[in-house]
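K.L.:
In our numbering, the protein residues as written are 27 to 177.
Listed below in structure tokens is the structure:
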């Protein structure tokens, strides 16, 4: 089962994508725009809030982590918008990025760190629920889920 899934995953990366539906196209562009905005905010007006989200156990300077992740978000946002023909691998990369930053969101909840107006356990907990939805949004809007299901 796992080898079949892995084989389909690899095949999905190189498969010619099906045409996007209008909702998928809108979703992909909206997610790309959101990532562009988030990346720019990492580098400018929300830098301190993002630094507060970097867990203490990350073995790098918090400002470096924020700058690097901002650059990655700008790159991924732009790729979602302009690389339509490569949208399936881009979708997997964006989904992996959302998974990679999830420990920071968990840390913000566990350490009760206030940032971005998330100043209660409830608000921080609700934010945790949305991270898996971002992963699904990236995979759905790029057609990566459909490509994975296709034999």
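We treat Cβ as the ideally placed atom computed from N, Cα and C, and that holds for glycine.
Just so we're clear, the structure is a prediction, and the values are computed from it rather than from any experiment.
Helix, strand or coil: how does DSSP classify residue 72 here?
P.N.:
coil
K.L.:
Compute the beta-carbon to beta-carbon distance between residue 93 and residue 65, rounded to the nearest angstrom, for a pair I have assumed lies under 8 Å.
P.N.:
Actually they are not in contact, since the Cβ atoms of residue 93 and residue 65 sit about 10 Å apart, beyond 8 Å.
K.L.:
Where DSSP assigns a beta bridge to residue 144, which residues make up the other side?
P.N.:
141
K.L.:
Using three-state DSSP, classify residue 158 as helix, strand or coil.
P.N.:
Here residue 158 sits in helix by DSSP.
K.L.:
Assuming residue 130 and residue 81 make a contact with CB atoms under 8 Å, what is their CB distance in whole Å?
P.N.:
6 Å
K.L.:
Since residue 102 and residue 123 should fall inside the 8 Å C-beta cutoff, what is the C-beta to C-beta distance between them, to a whole number of angstroms?
P.N.:
6 Å
K.L.:
Are the beta-carbon atoms of residue 91 and residue 121 separated by less than 9 Å?
P.N.:
no
K.L.:
Given this structure, state the Cα-to-Cα distance separating residue 151 from residue 45, to the nearest angstrom.
P.N.:
Their Cα atoms are separated by approximately 36 Å.
K.L.:
Which residue wins for smallest C-alpha separation from residue 167, given the options 137, 126, 157, 114?
P.N.:
114
K.L.:
If you draw a straight line from the C-alpha of residue 99 to the C-alpha of residue 126, how long is it?
P.N.:
12 Å
K.L.:
Can you tell me the Cα-Cα spacing of residue 169 and residue 159, whole angstroms?
P.N.:
15 Å
K.L.:
Taking the continuous alpha helix (DSSP H) assigned at residue 95, which residues delimit it?
P.N.:
Per DSSP, the unbroken alpha helix (DSSP H) holding residue 95 starts and ends at 88 to 108.
K.L.:
Contact check, residue 62 vs residue 104 under 8 Å by CB: the rounded distance?
P.N.:
7 Å
K.L.:
Pop quiz: residue 53 and residue 163 are said to be a contact at Cβ under 8 Å. What is the actual Cβ separation, rounded to whole angstroms?
P.N.:
Here residue 53 really is in contact with residue 163; their C-beta atoms are around 6 Å apart, less than 8 Å.
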